Amino acid sequence: MDINAVCENSSQAEVLSEIEGIAQIYSYKCPSTIKNRWVQLLPYIFRDEEKVMLDMEASGVLIRNYEELEFVREKGFGGNLIADAGLYSFNSYSRERLRKDGIKKDTVPLELQYNELRDRGAEGSEIIIYGRVPMMISANCLYLTQNRKCGKNIKRGHLMELTDRKKTDFPVFADCRYCYNIIYNSVPLSLHKDIDKIISLKPASLRLEFTTESPEETKEKAEFFINLVNKNIRAEYNGAYTRGHFRKGVD
Numbered sequence: 228m229d230i231n232a233v234c235e236n237s238s239q240a241e242v243l244s245e246i247e248g249i250a251q252i253y254s255y256k257c258p259s260t261i262k263n264r265w266v267q268l269l270p271y272i273f274r275d276e277e278k279v280m281l282d283m284e285a286s287g288v289l290i291r292n293y294e295e296l297e298f299v300r301e302k303g304f305g306g307n308l309i310a311d312a313g314l315y316s317f318n319s320y321s322r323e324r325l326r327k328d329g330i331k332k333d334t335v336p337l338e339l340q341y342n343e344l345r346d347r348g349a350e351g352s353e354i355i356i357y358g359r360v361p362m363m364i365s366a367n368c369l370y371l372t373q374n375r376k377c378g379k380n381i382k383r384g385h386l387m388e389l390t391d392r393k394k395t396d397f398p399v400f401a402d403c404r405y406c407y408n409i410i411y412n413s414v415p416l417s418l419h420k421d422i423d424k425i426i427s428l429k430p431a432s433l434r435l436e437f438t439t440e441s442p443e444e445t446k447e448k449a450e451f452f453i454n455l456v457n458k459n460i461r462a463e464y465n466g467a468y469t470r471g472h473f474r475k476g477v478d
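Each number in our numbering comes from the position in the sequence shown (counting from 1) with 227 added on.
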C-alpha cells in the first residue's frame, strides 16, 4: 500500500526522498530529485496569495482550506488536488461535494472512530497513521509575546514550547513564512497497533506527518511504518503516542 509523507521542513523531505517505500512527499519546497512524486504543501491559513508561490510542475497540491481550492483552480493547476483533513469529509455527501470541486483524494477526518470510518468508507481517501496533530492555528505569536519583538525568520521560523497547568509541554511552531503559530499535541498520533483494521478499510493511501522530528527520527519512524505496513514486520514502537479518536471517537 502507498505510504505518503508530509514534511514541515526541507531536511525531513531530503531524508525521505532517499527512502524506498515513500510514494509521495508533501512539502513546501521540492526535494532536490523527486519532482515527479512531489506534492506541494499550502499553508493552513491563506491570507495573501502573493506569499503563496504555486509550482505548476508539482505532481499535486495538498489543499487546507476553501480559499486555496479556489486559488489553485483559478491558476489552472493541472496536477492532482488533494484535500487535507481541514476540508471536512465526514460523510458521503461532503466527499461527493469535494469530488465535484475537482478534489481527487480527500483526507479522512481525525475525529472519526473506526466504526464511523467503516460506515463512511475510506476508498479514495488517505488516512493519517502517524504525526503530531495541530491543536490550534493561531495568529497570536508566542515568539512575539515572549520576546516583545518580531523574530521574523522566513527560512526556519521558531520552534518553541507551551506548558499547560498540568506541566504538559506542547510544541509550538511559529511559521514566519505565513505569520501564524501551530500548537501541536504533546505526543504524536500513532495507529501502529490498529494497522490491520486500517488496511481493512481499503484506503487509497496512508500518510505519515513529520513536524518536530529530527532527520534521524524521521528516518526511523518512516522505516518503522514501511516495514509494518508493507513487510508485516512488527517491531517495537519507540516513544510516547496517542491513538487519537480512532477507538473512542468524539463525545
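Where a beta carbon is used, it is the ideal one built from N, C-alpha and C, also for glycine. What you are looking at is a predicted structure, and each value in this text was computed from that prediction instead of being measured.
{"Check": "Below 8 Å, can you find three or more Cβ-Cβ pairs linking the region 447–461 to the region 419–437?", "Outcome": "yes"}
{"Check": "Who are the near neighbours of S321 in its chain, counting only those whose CB is closer than 8 Å to its CB and skipping five residues on each side?", "Outcome": "Y315"}
{"Check": "Verify whether the separation of the beta carbon atoms of L371 and M387 is less than 7 Å.", "Outcome": "no"}
{"Check": "Between P430 and I356, is the Cβ-Cβ spacing less than 7 Å?", "Outcome": "no"}
{"Check": "Buried or exposed for S319, going by 16 or more other Cβ atoms inside 10 Å?", "Outcome": "exposed"}
{"Check": "For L416, which residues does DSSP report across the bridge?", "Outcome": "G358 and T469"}
{"Check": "Buried or exposed, going by whether 16 or more other CB atoms sit within 10 Å of the CB of Q507?", "Outcome": "With the chain covering only 228 through 478, there is no way to say anything about residue 507."}
{"Check": "Kindly indicate which residue of R274, N231 and A240 has the alpha-carbon position closest to the one of S441.", "Outcome": "A240"}
{"Check": "If S238 and P258 are in contact, beta carbons under 8 Å, what's the gap, nearest whole angstrom?", "Outcome": "Incorrect: roughly 10 Å between the Cβ atoms, too far for contact."}
{"Check": "Less than 7 Å between the beta carbons of N367 and C403, yes or no?", "Outcome": "no"}
{"Check": "Looking only at its chain, what residues have a beta carbon closer than 8 Å to the beta carbon of P336, apart from the 5 residues adjacent to it on each side?", "Outcome": "A312, Y315, S316 and F317"}
{"Check": "Taking only the alpha-carbon atoms, compute the straight-line gap between E338 and L289 and give it to the nearest angstrom.", "Outcome": "19 Å"}
{"Check": "Between which two residues does the alpha helix (DSSP H) carrying A240 extend?", "Outcome": "S237 to L243"}
{"Check": "Would you mind reading off the limits of the beta strand (DSSP E) that contains N307?", "Outcome": "N307 to A310"}
{"Check": "Quick check: what's the CA-CA separation for D415 versus T395?", "Outcome": "According to the sequence as given, residue 415 is Pro; it is not Asp. Approximately 14 Å between the Cα atoms of the pair."}
{"Check": "Kindly indicate which three-state DSSP category P442 falls into: helix, strand or coil?", "Outcome": "helix"}
{"Check": "Can you find a CB in chain B that lies within less than 7 Å of the CB of S427?", "Outcome": "Note that chain B does not occur in the displayed structure, where there is just one protein chain."}
{"Check": "When you compare each of H385, E247, L269 and T469 to C234 by their alpha carbons, which one comes out closest?", "Outcome": "L269"}
{"Check": "With R434 as the anchor, note down where its beta strand (DSSP E) starts and where it stops.", "Outcome": "S432 to F437"}
{"Check": "Beta carbon of G351, beta carbon of E436: below 7 Å?", "Outcome": "no"}
{"Check": "Can you tell me whether S417 is buried or exposed? The criterion is at least 16 other CB atoms within 10 Å of its CB, across all chains shown.", "Outcome": "buried"}
{"Check": "Would you report the Cα separation of D229 and L428, rounded to the nearest angstrom?", "Outcome": "14 Å"}
{"Check": "Specify the secondary structure class of V456 as computed by DSSP and reduced to three states.", "Outcome": "helix"}
{"Check": "Tell me the DSSP secondary structure of V299 in three-state form.", "Outcome": "helix"}
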